[in-house]
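Sequences listed follow chains E and P, in order.
Residue numbering for the first sequence follows my numbering, starting at 2 and increasing by one per position.
Residue numbering for the second sequence follows my numbering, starting at 2 and increasing by one per position.
For every residue, glycine included, the Cβ atom is placed at its ideal position computed from N, Cα and C.
There are 2 protein chains.
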Amino acid sequence: MDELRMFLNDRDRHRPLIRKLDALIDLEPPEVDCLAGLAQTEQSWSRGDALIETGQSYDEILIIEAGWAIAYKLLADGRRQVLRILLPGDMVGLHFAVADVAQASVEALTPLSTSRFPAQNLMGIYHNLPRIGAAIAWTAAREEAILSEHLISVGRRTAIERLAHLFLELLRRLQLIDLAGQRTMALPVTQAVLADAMGLSIVHVSRTMRQLRQAGLVRMTDQQLEIQDLAGLQDVAGFEEEFLMQDGLPDKLVSRLRY
Amino acid sequence: MDELRMFLNDRDRHRPLIRKLDALIDLEPPEVDCLAGLAQTEQSWSRGDALIETGQSYDEILIIEAGWAIAYKLLADGRRQVLRILLPGDMVGLHFAVADVAQASVEALTPLSTSRFPAQNLMGIYHNLPRIGAAIAWTAAREEAILSEHLISVGRRTAIERLAHLFLELLRRLQLIDLAGQRTMALPVTQAVLADAMGLSIVHVSRTMRQLRQAGLVRMTDQQLEIQDLAGLQDVAGFEEEFLMQDGLPDKLVSRLRY
DNA sequence: CGCTAGGTTGAATACGCTCAAAGATCGTGG
DNA sequence: CCACGATCTTTGAGCGTATTCAACCTAGCG
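As structure tokens, then:
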């Protein structure tokens, strides 16, 4: 019986959100159980499906278990801005708990599987398992840092810098959940998605990708991105790892959030 | 004695953060006391002062009591992106609790006064006064909505749309704390700040302001912005009020965040 | 085979940038 | 009190990055 529990526990450790938080604060078995029990109802989606629609009301938080998605918003005339690229282990709807209505839409970029749990349960978690509360707070802070860096890209970086920076960000985020190699990763996005994420036109994304290619920095084949010159790419991007907060987490993280 | 308490209570209701949250969920006297007691040590700053410096470590959360500030980040070559415009009642450092080090700098745009409290106290508040916890969660969600809308501006709106949208956002935010009239408000920012916020050059901000002026939409005199044609400006901006979440808050806000 | 979605390339254009110089405003010190 | 410097705004001219429009190419799929 105990062995079964250990087995289940180990199995759960491979789910991306748990893996992410485990990498951060070395989850205890009961904590893994809690997270695993929290979000059980799995759901599958196809590419192009709308997980969340602007204006609709939602009471549950979604966790991406596998696959990629985007959160975006449309302007009246059809212009689209991609706000977040959602990877396995990411959560959607942390804020719907307070906003009555979704402010953005979420769409699957690939076949996708999700689990979900009621937003209300969050408060109980903060109360009973403060370390997990802390980890989720870390998640939220990190997401804001990513969003800020996104704003910097779109506001103040050139096209080539934007793409280089995005690729490095995605590489690091994927590495945290063991979904990327040292210098290679899946990149299941069209250039239209890249364009709408980085505030560029499709055509210019195409041209800029060629620049990156011809500079010997990256290579794309079949939805796979290979970074041929990591240092060179970091240089072009002006990439600073720190904002992702994924290395050498301070111990105070946990202690600070205990009341 | 009771009268003194009532007096103090009423006085505190004029502090911007309390006013903001009061407008939202009708704070009870003990809740006002809690918020007032939380943040007492006041501090004054001059225009140009650095409240927060990138890379430094902070354990306290700042509340802007009066004056304007900006949060920004610099690139290696000096390019600057303004991430947030901070108004009275805004909090700085909700995330420093988990990040070991500040990711952005904060600078006073005007003479400024702040109060502060230890980040740790937050957890106690969530526990003891869940309605305040809910209100602070609302604050965080709203800030992310503002940041998202900022990203949309910079990524997908034209220069004139960006400025129009920004002015309307600031107007609504100021109205919530009784610092703006129906169509007029203080705007103590230089065009350099507007440029770095909206991802434009100073020169182009100047030209775009002229457009807005010549279209009869706004008028600026002496750090005061008057919106001459509110409907017209909203039209240019494609402005949708909802993302600010400041009208008709759902009751579920509070109930949802209770555990 | 033909359709659709996605990617690439060229040509012309535009929006916004840089550079430069000239006003305007304000605080400060002579 | 005026002059000076500093900061901010405005305007012009030329340029450049990125856009739009359009055509063509490729791959996958029914």
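With a threshold of 8 Å between beta carbons, residue 68 of chain P makes no contact with chain E. Residue-level contact by beta carbon fails for residue 54 of chain E and chain P, as no gap is shorter than 8 Å. Between residue 91 of chain P and the set P:35, P:184, P:141, P:243, the nearest pair of CA atoms involves P:141. With contacts defined as CB atoms closer than 8 Å, residue 219 of chain P and residue 234 of chain P qualify as a contacting pair. Taking 8 Å as the cut-off, the beta carbon of residue 93 of chain E is found closer than this to the beta carbon of residue 63 of chain E. Between residue 247 of chain E and residue 177 of chain E, the gap from beta carbon to beta carbon is short of 8 Å.
Fully enclosed alpha helix (DSSP H) runs of no fewer than 4 residues occupy 160 to 177, 192 to 199 of the stretch 134 to 199 of chain E, in order along the chain.
Residue 153 of chain P and residue 84 of chain E have their C-alpha atoms spaced approximately 8 Å apart.
Secondary structure within the stretch 88 to 121 of chain E: the beta strand (DSSP E) runs of 3 or more consecutive residues, fully enclosed, are 106 to 109, 113 to 119 (chain order).
Across the structure, residue 232 of chain P and residue 240 of chain P are spaced so that their CA atoms are roughly 10 Å apart. Of all residues in the stretch 21 to 39 of chain P, none places a beta-carbon less than 7 Å from a beta-carbon of chain E. CA-CA distance, residue 212 of chain E to residue 161 of chain E, rounds to 8 Å. For residue 43 of chain E, the closest of E:67, E:60, E:164 by C-alpha to C-alpha distance is E:67. Contacts between residue 173 of chain P and chain E, judged by CB atoms closer than 9 Å, are missing: the closest CB pair is about 15 Å apart.
Chain-order list of chain P residues neighbouring residue 80 of chain E: 157, by C-beta distance under 7 Å. When only Cα atoms are considered, residue 102 of chain E and residue 184 of chain P end up about 27 Å apart. Residue 49 of chain E sits exposed, since fewer than 16 C-beta atoms from the chains shown fall within 10 Å of its C-beta. Within the stretch 228 to 241 of chain E, 239 place their CB atoms closer than 8 Å to a CB of chain P, listed in sequence order. The beta carbon of residue 189 of chain E lies closer than 7 Å to those of 69, 110, 111, 224 in the same chain, with the five residues before and after it left out.
Chain order gives the chain P residues near residue 149 of chain E as 74, 84, 104, 105, 148, where near means a beta carbon separation below 8 Å. Annotation: Cβ neighbours of residue 139 of chain E in chain P (cutoff 7 Å, chain order): 99. Secondary structure note for residue 39 of chain P: its alpha helix (DSSP H) is the uninterrupted segment 30 to 39. Sorting P:23, P:22, P:204 by C-alpha distance to the C-alpha of residue 192 of chain P places P:204 at the top.
Counting along the chain, residue 45 of chain E sits inside the beta strand (DSSP E) bounded by residues 43 to 46. With respect to residue 116 of chain P, residue 45 of chain P sits apart: the two C-beta atoms are not nearer than 8 Å. At a C-beta separation below 7 Å, residue 153 of chain E has these neighbours in chain P: 74, 82. Under a 10 Å Cβ-count criterion, residue 227 of chain E is classified as exposed, with fewer than 16 other Cβ atoms of the shown protein chains found around its own Cβ. Neighbourhood of residue 246 of chain P in chain E, by CB distance below 7 Å: 100, in chain order. Residues of chain E with a Cβ closer than 7 Å to the Cβ of residue 15 of chain P do not exist; the shortest Cβ-Cβ separation is about 25 Å. In this structure, the straight-line span from the alpha carbon of residue 55 of chain E to that of residue 208 of chain E is close to 32 Å. A residue is called buried once 16 or more other Cβ atoms fall within 10 Å of its Cβ, and residue 166 of chain P is buried on that count. Looking at the DSSP output, residue 53 of chain E sits in a beta bridge with E:107.
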